[in-house]
Structure formats: C-alpha cells, structure tokens
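Written out below as structure tokens is the structure these notes cover.
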Amino acid sequence: FSHDGSDWTQVTNLNGDFLQGIGNWDAKVGGYVAPWYSRYGHSLNALDADGDGTEDVMVLTGGNSPIPSNDVWITSDGIAW
8 FSHDGSDWTQ VTNLNGDFLQ GIGNWDAKVG GYVAPWYSRY GHSLNALDAD GDGTEDVMVL
68 TGGNSPIPSN DVWITSDGIA W
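The opening position of the sequence shown corresponds to residue 8 in the working numbering, with each subsequent residue numbered one higher.
As structure tokens, then:
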C-alpha cells in the first residue's frame, strides 16, 4: 500500500477480501471470504464494457487452487460475484 503513491509498503498478512476505497490507504475489509478457492496463476481484469472510460466489471478467470481451474467470475461492484 502507499499513502502518497511513491513510497510503497508490502503487506503480507492479509486475510479475507478487501474493498478499495478512493486511495490506497483506505481499503476496508469487505466481509465474507470470496466464493472461490484461493488461487495463483489466475487473471483478474477490469473491463470498460460501454467505452465510457470507466471500468464497469472485473473478471476473474482460471488459475490453480492447487489444481487447474477453468472457472470465470464476474462482478460489477466487487461484492456480488
């Protein structure tokens, strides 16, 4: 995380899911753990579906958990998937 965008601190003891606020310093615990297994090697992309310059959805695909996963999760608010 970073308070000013130039000095960064790595945080390694996070648990659960987090919602990003306006800045990197005001992320808040989002509540329940995500409905998929924790994984690595996945892809998480923010997409601008309507071309207005603002990302409309996030799409999580694939990865390993530890077995290969070929699922797709989509959200428009980061809470409901």
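Glycine included, C-beta positions come from ideal geometry on N, C-alpha and C.
Residue range Val79 to Thr82 is occupied by the beta strand (DSSP E) that includes Ile81. Here the C-alpha atom of Asn71 lies approximately 17 Å from the C-alpha atom of Asn52.
Between Thr68 and Asp59, the alpha-carbon positions lie close to 24 Å from each other.
Shown here, Ser13 sits in coil according to DSSP, grouped into three states, outside any helix or strand. Between Ala41 and Ser13, the alpha-carbon positions lie close to 30 Å from each other. Minimum Cα-Cα distance from Ser50 among the listed residues Asp11, Ile81, Ala56 and Trp15 corresponds to Ile81. Just so you know, the alpha carbons of Asp57 and Val64 end up roughly 10 Å apart.
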